[in-house]
Amino acid sequence: MDACLLYDSAKSDTMTKLQRIRRAHAIRSLTVTVLLVILLVALALADLALGHRAYSMSDLLGVVWGQSDEGTRFVILQLRMPRTLIGCVAGIAFGMAGIGFQHLLRNMMASPDIIGITAGANTAAIFGIVVLGLSGMPLACLAVMGGLLTALLVMALAWRGSFDPTRLILIGIGVAAGFNALGSWLMIRSDQWNIQAATRWLTGSLADAQWTDLPILATTTLLGATLLLALDRNVSTLQLGPEMAAGLGVRVSRVQFQVIIVGVLLLAVATATTGPISFVSFLSGPIATVLVGQGSSALIQSGLVGGCLVLGSDIVAQHLPSAQVPVGIITSIVGGPVLIAIMVLMTRRQEL
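Quick note, our numbering runs 6 ahead of the 1-based positions in the sequence shown.
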């Protein structure tokens, strides 16, 4: 009888501790999410207000209520707002695609670029610029097709009844190397004007953002985010390993295929719209994981971090003393030190 009482007491204490841990984790996740939303909104307002001519909050509100002059309305609505919104949405897409692949590969230091999607989209875009003379929406569509076809090629070569992460990564690296070599060959054989256009696209830039780019990007990001959230529980179970996940009732191959397709779609459309903005999909997941802690998918937080990275880098890129530079250059410069800091922090926490 005493043993039963002791067992019930220990069980009750354990359940109480688990409830406290879950509650603390939920509060932490909610707090981080709210703070990231506030930061994202603040960066968006700063991106709208700052520039060659700075605008105050009253000026921005005047545009919203239709009480501003035509010049202010044109600058805010036609020049700055498309850039800000596309940067925000593309960053969210990069961030969510990145952490989706990192969870799938069970490695927070992995990047979706590693399976060749970006290389395929880049090569398709280079071909469109230097051979076909495309720009705008036709070029974006070609880049999306390049990314999707590359992903299908890698998946077909890696499929052996399921997607082994190591095999997927190795085949992706080989395919990416081949496409990068093909892209370099196309640029070498091109004229100077096309080389400049291709280089500008490859660095990742928001300078050519237009309202017409937003509907497809926003719709794809909303759809992809919804699907990833729906798959979140099964993807989290995959972190235990494919055998354990299958034992818990997860259809491993099906979930892997779904995550790859959704991640590829997000990454390809975002890349086609802005160009390959370096390090955003790579860093968003680890940063979000450090903020919310282990034990959470950090999917929403990773998307918010991606949006903050793109908008923050765009603000810096527009206000350098010498000249404006593409946002991808800033993310590349910042990405290296941030990656090292994250690795050191995760190593200290014994989470790497």
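In this text, a Cβ means the ideal position worked out from N, Cα and C, and glycines have one as well.
Query raised in the report: Which partner residues does residue 71 have in the DSSP bridge list?
Result: By 1-based counting over the sequence shown, the position of residue 71 is 65. Paired residue(s): none; residue 71 is not in a bridge.
Requested in this report: Classify residue 13 as helix, strand or coil using the three-state DSSP reduction.
Outcome: As a position in the sequence shown, residue 13 is number 7, starting the count at 1. Note on residue 13: pLDDT 49, under 50, position unreliable in the model; the coordinate value appears next. Looking at residue 13 - three-state DSSP - the assignment turns out to be helix.
Requested in this report: Excluding the 5 residues preceding and the 5 following residue 272 in the sequence, name in chain order all residues of the same chain whose CB lies nearer than 7 Å to its CB.
Outcome: Position 266 of the sequence shown, counting from 1, holds the residue named residue 272. Cβ within range, chain order: 99, 102, 103, 226, 227, 230.
**Report entry** With 16 other Cβ atoms within 10 Å as the buried cut-off, status of residue 36
**Finding:** Counting from one through the sequence shown, the residue named residue 36 turns up at place 30. Result: exposed.
Query raised in the report: What residues in its chain sit with their C-beta under 7 Å from that of residue 357, if we drop five residues either side in the sequence?
Result: Here residue 357 is taken as the residue at index 351 of the sequence shown, counted from 1. With a pLDDT of only 49 at residue 357, under 50, the local geometry of the prediction cannot be trusted, and the value read off the model is given with reservation. Same-chain partners within the cutoff: 300.
Requested in this report: Identify which residue in 329, 310, 340, 242 has its Cα closest to the Cα of residue 43.
Outcome: Position 37 of the sequence shown, counted from the first residue, corresponds to residue 43. When each option's Cα is compared against that of residue 43, the closest is 310.
Report task. Note down the Cα distance separating residue 234 from residue 330, rounded to an integer number of angstroms. Result -> As a working note, residue 234 is residue 228 in the sequence shown. As a working note, residue 330 is residue 324 in the sequence shown. Roughly 35 Å separates the two Cα atoms.
Query raised in the report: If you compare alpha carbons, which of 342, 317, 322 is closest to residue 87?
Result: Numbered from its first residue, the sequence shown carries residue 87 at position 81. Ranking the options by Cα distance to residue 87, first place goes to 317.
Query - Limits of the unbroken alpha helix (DSSP H) element including residue 4 - result: Past the boundaries of the shown model lies residue 4; the chain is included only from 7 to 358, so the question cannot be answered.
Query raised in the report: According to the neighbour-count rule (16 or more other Cβ atoms, all chains shown, within 10 Å of its Cβ), is residue 96 buried or exposed?
Result: As a first step, residue 96 must be located in the sequence shown, where it is residue number 90. Residue 96 comes out buried.
Query raised in the report: Among 52, 112, 212, which one has its Cα closest to the Cα of residue 247?
Result: In the sequence shown, counting from the first residue as 1, residue 247 sits at position 241. If we check each option's Cα against that of residue 247, 112 comes out closest.
**Report entry** Cutoff 6 Å; reference residue 290; Cβ partners in own chain excluding five residues on either side
**Finding:** Position 284 of the sequence shown, counting from 1, holds the residue named residue 290. 101, 104, 308, 311, 312.
Query raised in the report: Are residue 74 and residue 288 closer than 8 Å when you measure CB to CB?
Result: Here residue 74 is taken as the residue at index 68 of the sequence shown, counted from 1. Here residue 288 is taken as the residue at index 282 of the sequence shown, counted from 1. Contact: no.
Requested in this report: Find out if the Cβ-Cβ distance for the pair residue 337, residue 293 is shorter than 8 Å.
Outcome: To locate residue 337, count along the sequence shown from 1; it is residue 331. To locate residue 293, count along the sequence shown from 1; it is residue 287. No.
Query raised in the report: What residues in its chain sit with their C-beta under 7 Å from that of residue 136, if we drop five residues either side in the sequence?
Result: For the purposes of this step, residue 136 is taken as residue 130 along the sequence shown, with counting starting at 1. Cβ neighbours of residue 136 beyond the five flanking positions: 192, 193, 196, 200, 204.
Query raised in the report: Thinking C-alpha only, which one of 303, 145, 334, 245 is nearest residue 219?
Result: Within the sequence shown, numbered from 1, the residue matching residue 219 stands at position 213. Closest option to residue 219, Cα to Cα, is 145.
Query raised in the report: Whose C-beta lies closer than 8 Å to the C-beta of residue 25 among residues of the same chain, with five residues either side of it excluded?
Result: As a first step, residue 25 must be located in the sequence shown, where it is residue number 19. So no residue of the chain qualifies.
Query - residue 150, enclosing alpha helix (DSSP H) - first and last residue - result: Counted from its first residue, the sequence shown places residue 150 at position 144. Unbroken alpha helix (DSSP H) run through residue 150: 142-164.
Query raised in the report: Do you know how far the Cα of residue 250 is from the Cα of residue 140?
Result: Here residue 140 refers to the residue found at position 134 when the sequence shown is read from its first residue. Here residue 250 refers to the residue found at position 244 when the sequence shown is read from its first residue. Answer to the nearest angstrom: the Cα atoms are 48 Å apart.
**Report entry** Bounding residues of the alpha helix (DSSP H) (the contiguous stretch that carries residue 265)
**Finding:** Against the sequence shown, residue 265 aligns to sequence position 259. Per DSSP, residue 265 belongs to the alpha helix (DSSP H) from 258-280.
Requested in this report: Using beta-carbon positions only, say whether residue 359 and residue 94 come within less than 8 Å of one another.
Outcome: Absent from the structure is residue 359, since the part of the chain shown begins at 7 and ends at 358.
Report task. Taking only the alpha-carbon atoms, compute the straight-line gap between residue 327 and residue 58 and give it to the nearest angstrom. Result -> Sequence index remark: in the sequence shown, residue 327 carries index 321 (1-based). Sequence index remark: in the sequence shown, residue 58 carries index 52 (1-based). When rounded, the distance between both Cα atoms is 12 Å.
Report task. Return the CA-CA distance between residue 126 and residue 149, expressed in angstroms with no decimal places. Result -> For this step, residue 126 is matched to residue 120 along the sequence shown. For this step, residue 149 is matched to residue 143 along the sequence shown. Between residue 126 and residue 149, the C-alpha separation is close to 8 Å.
Query raised in the report: Which runs of the alpha helix (DSSP H), 4 residues or longer, sit entirely within the segment 195-241?
Result: 198-209, 220-236
Query - Terminal residues of the alpha helix (DSSP H) in which residue 133 lies - result: The residue you call residue 133 lines up with position 127 of the sequence shown. It spans 123-136 - the alpha helix (DSSP H) in which residue 133 sits, taken as one unbroken run.
**Report entry** Extent of the continuous alpha helix (DSSP H) run through residue 247
**Finding:** As a working mapping, residue 247 is identified with position 241 in the sequence shown. Element bounds for residue 247: n/a, residue is neither H nor E.
Query raised in the report: Taking all protein chains shown into account, do 16 or more other C-beta atoms lie within 10 angstroms of the C-beta of residue 134, making it buried, or fewer, making it exposed?
Result: Within the sequence shown, the letter at position 128 stands for residue 134. Its Cβ being crowded by 16 or more others within 10 Å, residue 134 is buried.
Query raised in the report: Between the C-alpha atoms of residue 344 and residue 31, what's the straight-line distance to the nearest angstrom?
Result: To locate residue 344, count along the sequence shown from 1; it is residue 338. To locate residue 31, count along the sequence shown from 1; it is residue 25. Taking the straight line joining both Cα atoms gives about 25 Å.
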